[in-house]
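Enquirer: This is the structure, below, for whatever I ask next.
Residue numbers (full-length UniProt numbering): 1 to 379.
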């Protein structure tokens, strides 16, 4: 710390992404005195002080939070007197509360997107937005798992109809993958087509690899079961048998970190729009073994290392694009399926409603209290 408004960071290795990391919503600035005074209680109840427009008035850590206006905010008076946040365990109950006027703004889970898109009362209040995430099939490339032949992995990719997955499983609320990096991240290859779907070509590649009656085991958490079952159906058409097994979250996490999953599916979301968050954290040789991937390619690692130090934006993006294409189109080391979109619903009188990378932002939030539809809370 240099003074009240300046501090210096010293990094052990060059990392251009560090500046971006400082800007994420999780990189909050806390007052040291308050943090130390709260001790082990910091971050629970109302023992949390930041630098925003609203301050924490109530928090039971389970069901509800109340924020109130911070009149001494450095950049003008906040628009709202209060913001009340309610947690729901059940999505259907939450959306019914929204329809009943008990909520002004809430997320719309993908499982209910189709239902409410067809709801005349709600459909015009839906906002869908791209995320920094990718839903994908993780392949364990460790020797002895039957996936070390690139022709087999390419066949697995060819057998999946990604656009149909978006249209059916995601109810249209997603984008079929043409690579790993989403469109908002530098390194996205705008010229790459959606991954090809060709069952007959998949069968031919398996024959070339000398593989017949391929049997695989896919273990997933309950939330990912339906997606893997959809992939199971695609692979079956190419003569590939996938045994889908559902594991408890804790068991799955242990198996994933221990390298014990032959096949699984999950979503991977970057904290900020940078290729290092997507490619380095999952597929670099130092990290892949911890995620049941075991991908190990020196050229891929070199692209990541060069990008980590590169200050030129265009060159850095080219490094990540090359790494992505090597990973997904040359080695077929993982099978990106689709980039999910997320959605929320908000009443017409809610203004400045913004969500950025899964984080609800209250900076510009306001209410048009003159609207005939708006009802102020009674308590």
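Each residue gets a CB set at the ideal place from its N, CA and C atoms; glycine is no exception.
Going by alpha carbons, who is nearest to residue 205 out of 149, 5, 269?
Expert: Numbered from its first residue, the chain shown carries residue 205 at position 205. Closest option to residue 205, Cα to Cα, is 149.
Enquirer: Counting only C-beta atoms, is residue 305 closer than 8 Å to chain C at any point?
Expert: Of the protein chains in the structure, only one exists, and it is not chain C.
Enquirer: Do residue 304 and residue 279 have their beta-carbon atoms positioned less than 8 Å apart in this structure?
Expert: Here residue 279 refers to the residue found at position 279 when the chain shown is read from its first residue. Here residue 304 refers to the residue found at position 304 when the chain shown is read from its first residue. In contact: residue 279 and residue 304 (Cβ atoms closer than 8 Å).
Enquirer: Under 8 Å by Cβ, that's how I've got residue 199 and residue 177 pegged, so tell me the actual separation to the nearest angstrom.
Expert: Taking the first residue of the chain shown as 1, we reach residue 199 at position 199. Taking the first residue of the chain shown as 1, we reach residue 177 at position 177. Contact flag wrong, Cβ pair sits at about 18 Å.
Enquirer: Looking at C-alpha atoms only, which residue of 362, 211, 294 is the closest neighbour of residue 331?
Expert: Locating residue 331 in the chain shown gives position 331, where the first residue counts as 1. Comparing Cα positions, the closest option is 294.
Enquirer: Mind checking whether residue 68 and residue 60 have CB atoms under 8 Å apart?
Expert: If you number the chain shown from 1, residue 68 lands on position 68. If you number the chain shown from 1, residue 60 lands on position 60. Not in contact: residue 68 and residue 60 (Cβ atoms no closer than 8 Å).
Enquirer: In the DSSP output, what is residue 338 paired with across the bridge?
Expert: Here residue 338 is taken as the residue at index 338 of the chain shown, counted from 1. DSSP, once it has assigned bridges, lists 135, 176 as partnering residue 338.
Enquirer: Considering Cα atoms alone, identify which of 353, 24, 49 is closest to residue 33.
Expert: For this step, residue 33 is matched to residue 33 along the chain shown. Considering only alpha carbons, the answer is 49.
Enquirer: Determine the burial state of residue 219: buried for a count of at least 16 other Cβ atoms within 10 Å of its Cβ, exposed for fewer.
Expert: Translated into the one-based positions of the chain shown, residue 219 becomes position 219. By the 10 Å Cβ count, residue 219 comes out buried.
Enquirer: Whose C-beta lies closer than 7 Å to the C-beta of residue 126 among residues of the same chain, with five residues either side of it excluded?
Expert: Indexing the chain shown from 1 puts residue 126 at position 126. 108, 116, 117, 343, 345.
Enquirer: Which two residues bound the contiguous alpha helix (DSSP H) that contains residue 303?
Expert: Against the chain shown, residue 303 aligns to sequence position 303. Counting along the chain, the alpha helix (DSSP H) containing residue 303 begins and ends at 298 to 309.
Enquirer: Can we say the segment 176 to 190 touches the segment 317 to 329, given the rule of at least three CB pairs closer than 8 Å?
Expert: With a cut-off of 8 Å, the segment 317 to 329 and the segment 176 to 190 count as touching, because enough Cβ pairs lie within range.
Enquirer: For the alpha helix (DSSP H) containing residue 253, name the first residue and the last one.
Expert: Here the question's residue 253 lines up with position 253 in the chain shown. Here the alpha helix (DSSP H) through residue 253 covers 249 to 257.
Enquirer: Taking the beta carbon of residue 212 as the centre, do at least 16 other beta carbons fall within 10 Å, making it buried, or is it exposed?
Expert: In the chain shown, the residue the question calls residue 212 occupies position 212. Residue 212 should be labelled exposed.
Enquirer: Less than 8 Å between the CB atoms is what I'm expecting for residue 241 and residue 215, so what's the real figure, rounded?
Expert: Residue mapping note: residue 241 aligns to position 241 of the chain shown, counting from 1. Residue mapping note: residue 215 aligns to position 215 of the chain shown, counting from 1. Yes, residue 241 and residue 215 are in contact; Cβ-Cβ is about 5 Å, under 8 Å.
Enquirer: Taking three-plus beta-carbon pairs below 8 Å as touching, is the segment 308 to 322 in contact with the segment 134 to 151?
Expert: These segments do not touch.
Enquirer: Can you find the residues in the same chain that come closer than 7 Å, C-beta to C-beta, to residue 284, ignoring five residues on each side of it along the sequence?
Expert: Translated into the one-based positions of the chain shown, residue 284 becomes position 284. Cβ within range, chain order: 301, 304.
Enquirer: Would you mind stating whether residue 367 and residue 355 have Cβ atoms separated by less than 8 Å?
Expert: By 1-based counting over the chain shown, the position of residue 367 is 367. By 1-based counting over the chain shown, the position of residue 355 is 355. Taking 8 Å as the Cβ cut-off, residue 367 and residue 355 do not qualify as a contacting pair.
Enquirer: Quick one: grab the DSSP three-state call for residue 143.
Expert: Start at 1 with the first residue of the chain shown, and residue 143 comes out as number 143. Reduced to three states, the DSSP call for residue 143 is coil.
Enquirer: By the three-class DSSP mapping on this structure, what secondary structure does residue 366 have?
Expert: Sequence index remark: in the chain shown, residue 366 carries index 366 (1-based). Residue state, collapsed to three classes: strand.
Enquirer: Quick check on this structure: which residue in 224, 207, 365, 348 has the alpha carbon closest to the alpha carbon of residue 110?
Expert: For the purposes of this step, residue 110 is taken as the residue at position 110 of the chain shown. The candidate whose alpha carbon is nearest that of residue 110 is 224.
Enquirer: Based on Cα-Cα distance, which residue from 65, 36, 52 lies nearest to residue 46?
Expert: As a working note, residue 46 is residue 46 in the chain shown. Selected option, being the one with the closest Cα: 65.
Enquirer: Alpha carbon to alpha carbon, how far is residue 129 from residue 155? Give it in angstroms, no decimals.
Expert: As a working mapping, residue 155 is identified with position 155 in the chain shown. As a working mapping, residue 129 is identified with position 129 in the chain shown. Near 32 Å, if we compare the C-alpha coordinates of residue 129 and residue 155.
Enquirer: When you compare only the Cα positions, how much space is there between residue 137 and residue 378?
Expert: Your numbering for residue 137 matches position 137 in the chain shown. Your numbering for residue 378 matches position 378 in the chain shown. About 49 Å.
Enquirer: Taking Cβ positions, are residue 320 and residue 132 nearer each other than 8 Å?
Expert: Within the chain shown, numbered from 1, the residue matching residue 320 stands at position 320. Within the chain shown, numbered from 1, the residue matching residue 132 stands at position 132. No. Outside cutoff.
Enquirer: According to the neighbour-count rule (16 or more other Cβ atoms, all chains shown, within 10 Å of its Cβ), is residue 106 buried or exposed?
Expert: On the chain shown, position 106 is the one that residue 106 refers to. So residue 106 ends up on the buried side.
Enquirer: On the CB-based measure, 16 or more other CB atoms within 10 Å of its CB, does residue 290 come out buried or exposed?
Expert: Taking the first residue of the chain shown as position 1, residue 290 is located at position 290. Flag for residue 290 reads exposed.
Enquirer: Does residue 361 come out as helix, strand or coil in the three-state DSSP assignment?
Expert: The residue you call residue 361 lines up with position 361 of the chain shown. Correct three-state label for residue 361: strand.
Enquirer: Would you mind reading off the limits of the alpha helix (DSSP H) that contains residue 66?
Expert: Within the chain shown, the letter at position 66 stands for residue 66. Note, residue 66: premise wrong, no alpha helix (DSSP H); beta strand (DSSP E) at 64 to 69.
Enquirer: Between residue 101 and the rest of its own chain, which residues show a CB-CB distance below 7 Å, the 5 nearest in sequence each way excluded?
Expert: To locate residue 101, count along the chain shown from 1; it is residue 101. So the list reads 375, once near-sequence residues are dropped.
Enquirer: I believe residue 273 touches residue 185 by the beta-carbon criterion, under 8 Å. Please report the beta-carbon distance rounded to the nearest angstrom.
Expert: Position 273 of the chain shown, counted from the start, is the residue given in the question as residue 273. Position 185 of the chain shown, counted from the start, is the residue given in the question as residue 185. Between residue 185 and residue 273 the Cβ distance is about 5 Å, and since that is below 8 Å, they are a contact.
Enquirer: Just list the alpha helix (DSSP H) runs in the segment 20 to 80, keeping only unbroken ones of 4 residues or longer that don't cross its boundaries, in chain order.
Expert: Fully enclosed alpha helix (DSSP H) runs of 4 or longer: 32 to 38.
Enquirer: What residue range does the beta strand (DSSP E) around residue 354 cover?
Expert: Position 354 of the chain shown holds residue 354. Per DSSP, residue 354 belongs to the beta strand (DSSP E) from 354 to 356.
Enquirer: Are the CB atoms of residue 26 and residue 53 nearer to each other than 8 Å?
Expert: Looking up residue 26 in the chain shown gives position 26. Looking up residue 53 in the chain shown gives position 53. Against a cut-off of 8 Å, the Cβ pair of residue 53 and residue 26 comes out as no contact.
Enquirer: Measure how close the beta-carbons of residue 348 and residue 371 come, nearest whole angstrom, since I'm counting them as under 8 Å.
Expert: Here residue 348 refers to the residue found at position 348 when the chain shown is read from its first residue. Here residue 371 refers to the residue found at position 371 when the chain shown is read from its first residue. Contact flag correct, Cβ pair sits at about 7 Å.
Enquirer: Once the 5 residues before and after residue 157 are set aside, which same chain residues still bring their CB inside 7 Å of it?
Expert: Counting from 1 along the chain shown, the entry for residue 157 is found at position 157. Cβ neighbours of residue 157 beyond the five flanking positions: 195, 332, 335.
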